[in-house]
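A short worksheet on the structure shown next.
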Amino acid sequence: MSKHQVALIFGGKSPEHEVSIVSSKSIYNAIDKDIYDVILIGISQSGKWYLEQEANYLQYDFVIGEQGEELFVLPGHTKDQIRILSSGESLGEIDVAFPITHGPNGEDGTLQGLLNQINLPFVGPDVLGSSVAMDKDVSKRLFQHAGISCADAVILHRHLKDEIDYEKIVEKLGSTLFIKPANMGSSVGVHKSEDRASFEAAIAAAFQYDIKILVEKAVVGRELECAVLGNEFPKASTIGEIVIGKGFYDFESKYEDKNNAQLFIPAENLSADIIKKIQDVAIRAYQCLELEGITRVDVFLTGNNDILVNEVNTLPGFTSISMYPKLWEKSGMAYSDLITHILQYAISRGHRNQSLKSTRK
Ligand SMILES: Nc1ncnc2c1ncn2[C@@H]1O[C@H](COP(=O)(O)OP(=O)(O)O)[C@@H](O)[C@H]1O
Ligand SMILES: [Mg+2]
Numbered sequence: 002m003s004k005h006q007v008a009l010i011f012g013g014k015s016p017e018h019e020v021s022i023v024s025s026k027s028i029y030n031a032i033d034k035d036i037y038d039v040i041l042i043g044i045s046q047s048g049k050w051y052l053e054q055e056a057n058y059l060q061y062d063f064v065i066g067e068q069g070e071e072l073f074v075l076p077g078h079t080k081d082q083i084r085i086l087s088s089g090e091s092l093g094e095i096d097v098a099f100p101i102t103h104g105p106n107g108e109d110g111t112l113q114g115l116l117n118q119i120n121l122p123f124v125g126p127d128v129l130g131s132s133v134a135m136d137k138d139v140s141k142r143l144f145q146h147a148g149i150s151c152a153d154a155v156i157l158h159r160h161l162k163d164e165i166d167y168e169k170i171v172e173k174l175g176s177t178l179f180i181k182p183a184n185m186g187s188s189v190g191v192h193k194s195e196d197r198a199s200f201e202a203a204i205a206a207a208f209q210y211d212i213k214i215l216v217e218k219a220v221v222g223r224e225l226e227c228a229v230l231g232n233e234f235p236k237a238s239t240i241g242e243i244v245i246g247k248g249f250y251d252f253e254s255k256y257e258d259k260n261n262a263q264l265f266i267p268a269e270n271l272s273a274d275i276i277k278k279i280q281d282v283a284i285r286a287y288q289c290l291e292l293e294g295i296t297r298v299d300v301f302l303t304g305n306n307d308i309l310v311n312e313v314n315t316l317p318g319f320t321s322i323s324m325y326p327k328l329w330e331k332s333g334m335a336y337s338d339l340i341t342h343i344l345q346y347a348i349s350r351g352h353r354n355q356s357l358k359s360t361r362k
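Reading the sequence shown from the start, the letters are residues 2 to 362 in the numbering used here.
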């Protein structure tokens, strides 16, 4: 059997650009090279696409676009749809794309729309699921509609920022608040506030990343995560836990080994009943947002055993030590087998969608 050609897509116009490159290198190293050939496509910080070569890509100080060849795409084509700008040469027949692009422009449906336009099946949810899952406000509205609990919040819009009434927000949500951009990840632009001055600084910071932000009631509880995998019949993994030494799970504790953040996989001291309930909530959240492929569902478990969905990540951190793959490893699926499964789900979904009629007759 000939090998499948996988376009591994990483980087992107996003504050999570570097995190994406790290995730992609883990995937590149672990992908089953007996089944797959990998084509490396880097998206620069400004959003341009480049074909990268392994020798440069694997360097510690690799920068997308420095040595790569710029690419262009041909919408509507079913093969040879990605080509080198300078020569017009095709990257060859590609079977499936694995975008591991976190955050805006990569995880929010925009890249997914472009991949649909060039007829490439891809890993992760389709356009609708990716975009609603990226928007924490829209996700919350859909969760509430489906009876899935989440933290109470107030939504603020930048064009109405002069009307923000701190006292009223505190009256509704209490004085300990989380402020976050509606569309972002890796805790970029997320702040906790306890008083008016820190609230004002936090909203100014969040409005730099988005024109819409959330002010949430601070939830006191355990921070737990569940990995979901599959298309029409998704499966939920075992549960993991984030334990923070001090503060909250901010960018520094996620990537710079600060604040003593520890991952427990699986989470300890959870009853079988609570594990099952979290898995059920994770699957319901997945289906309620029209997700397919992969997604990590993050929840809080309160002292009363209430489960509140915090957020979902449709292209979660994917290094071999990241929560999503580790949860599947603990559930019995090794990292490289997980990659194979994910690619198979992407290909079968691509075939399913391409078989739908696009003419009237
Ligand atoms: N309402 C909340 N109550 C308590 N902690 C929160 C709340 N919202 C966010 N946090 C903390 O901030 C972190 C980042 O927020 P999150 O909404 O997950 O944003 P991101 O998409 O950037 O990961 C969470 O992992 C958690 O530690
Ligand atoms: Mg998060």
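Cβ coordinates follow ideal geometry from the N, Cα and C atoms, glycine included.
Straight-line Cα distance separating residue j from residue i
{"i": "G69", "j": "W50", "result": "9 Å"}
{"i": "D166", "j": "A206", "result": "17 Å"}
{"i": "G107", "j": "G351", "result": "18 Å"}
{"i": "S188", "j": "A134", "result": "15 Å"}
{"i": "E226", "j": "R353", "result": "30 Å"}
{"i": "V23", "j": "F63", "result": "11 Å"}
{"i": "G294", "j": "L9", "result": "16 Å"}
{"i": "A228", "j": "C151", "result": "18 Å"}
{"i": "E253", "j": "T79", "result": "42 Å"}
{"i": "P235", "j": "L290", "result": "13 Å"}
{"i": "D33", "j": "T341", "result": "7 Å"}
{"i": "I245", "j": "G114", "result": "37 Å"}
{"i": "R84", "j": "G304", "result": "55 Å"}
{"i": "I240", "j": "K141", "result": "22 Å"}
{"i": "E330", "j": "I343", "result": "14 Å"}
{"i": "T177", "j": "I40", "result": "47 Å"}
{"i": "S3", "j": "I348", "result": "15 Å"}
{"i": "K278", "j": "I284", "result": "10 Å"}
{"i": "N311", "j": "E168", "result": "24 Å"}
{"i": "Y61", "j": "N30", "result": "14 Å"}
{"i": "A219", "j": "I276", "result": "23 Å"}
{"i": "N314", "j": "S323", "result": "13 Å"}
{"i": "L264", "j": "V300", "result": "14 Å"}
Ligand 2 heavy atom lying under 7 Å from the CB of residue i
{"i": "D299", "result": "yes"}
{"i": "E312", "result": "yes"}
Distance cut-off 7 Å: residue i Cβ against heavy atoms of ligand 1
{"i": "S321", "result": "no"}
{"i": "L249", "result": "In the sequence as displayed, the identity of residue 249 is Phe instead of Leu. Yes, the beta carbon of F249 sits closer than 7 Å to at least one heavy atom of ligand 1."}
{"i": "S24", "result": "no"}
{"i": "E217", "result": "yes"}
{"i": "K14", "result": "no"}
{"i": "V189", "result": "yes"}
{"i": "V220", "result": "yes"}
{"i": "G69", "result": "no"}
{"i": "K173", "result": "no"}
{"i": "K259", "result": "no"}
{"i": "A152", "result": "yes"}
{"i": "M135", "result": "no"}
{"i": "K181", "result": "yes"}
{"i": "M324", "result": "no"}
{"i": "G186", "result": "yes"}
{"i": "L224", "result": "In the sequence as displayed, the identity of residue 224 is Glu instead of Leu. Yes."}
Interface flag, residue i vs chain C, CB-CB below 8 Å
{"i": "E70", "result": "This model lacks chain C altogether; it includes just one protein chain."}
Distance cut-off 7 Å: residue i Cβ against heavy atoms of ligand 4
{"i": "Y58", "result": "The ligand content of the structure shown is limited to ligand 1 and ligand 2, which means ligand 4 is not among them."}
Closest residue to residue i among the options (Cα-Cα distance)
{"i": "T296", "options": "G304, Y287, L302", "result": "Y287"}
{"i": "A98", "options": "K277, G186, D38, K278", "result": "D38"}
{"i": "E17", "options": "D35, Q46, K4, P267", "result": "Q46"}
{"i": "S199", "options": "F179, N184, S15", "result": "F179"}
{"i": "T102", "options": "D258, A183, F11", "result": "F11"}
{"i": "S88", "options": "Y61, E94, E71", "result": "E71"}
{"i": "D274", "options": "G130, L86, N306", "result": "N306"}
{"i": "Y58", "options": "S21, P182, K26, L116", "result": "K26"}
{"i": "F73", "options": "I266, E19, L52", "result": "L52"}
{"i": "G77", "options": "Q355, K362, R361", "result": "Q355"}
{"i": "I214", "options": "V221, V191, V220", "result": "V191"}
{"i": "I266", "options": "N232, G333, V216, V313", "result": "G333"}
{"i": "D163", "options": "I204, E94, Y61, N314", "result": "I204"}
{"i": "G125", "options": "K358, L357, Y325", "result": "Y325"}
{"i": "N120", "options": "D138, D81, F144", "result": "D81"}
{"i": "I170", "options": "G186, I149, N184, S194", "result": "S194"}
Helix, strand or coil at residue i [DSSP, three-state]
{"i": "Q113", "result": "helix"}
{"i": "Q6", "result": "strand"}
{"i": "H342", "result": "helix"}
{"i": "I214", "result": "strand"}
{"i": "I204", "result": "helix"}
{"i": "L157", "result": "strand"}
{"i": "L121", "result": "coil"}
{"i": "A183", "result": "coil"}
Legend entry - Minimum length 4: unbroken alpha helix (DSSP H) runs contained in the stretch 272 to 338: 273 to 289, 324 to 331
Legend entry - 4 or more residues per run - each alpha helix (DSSP H) lying fully within the stretch 15 to 85: You should have 18 to 31, 55 to 58.
Legend entry - Length at least 3, wholly inside the stretch 208 to 273: the beta strand (DSSP E) runs in chain order: 213 to 218, 222 to 231, 236 to 244, 263 to 265
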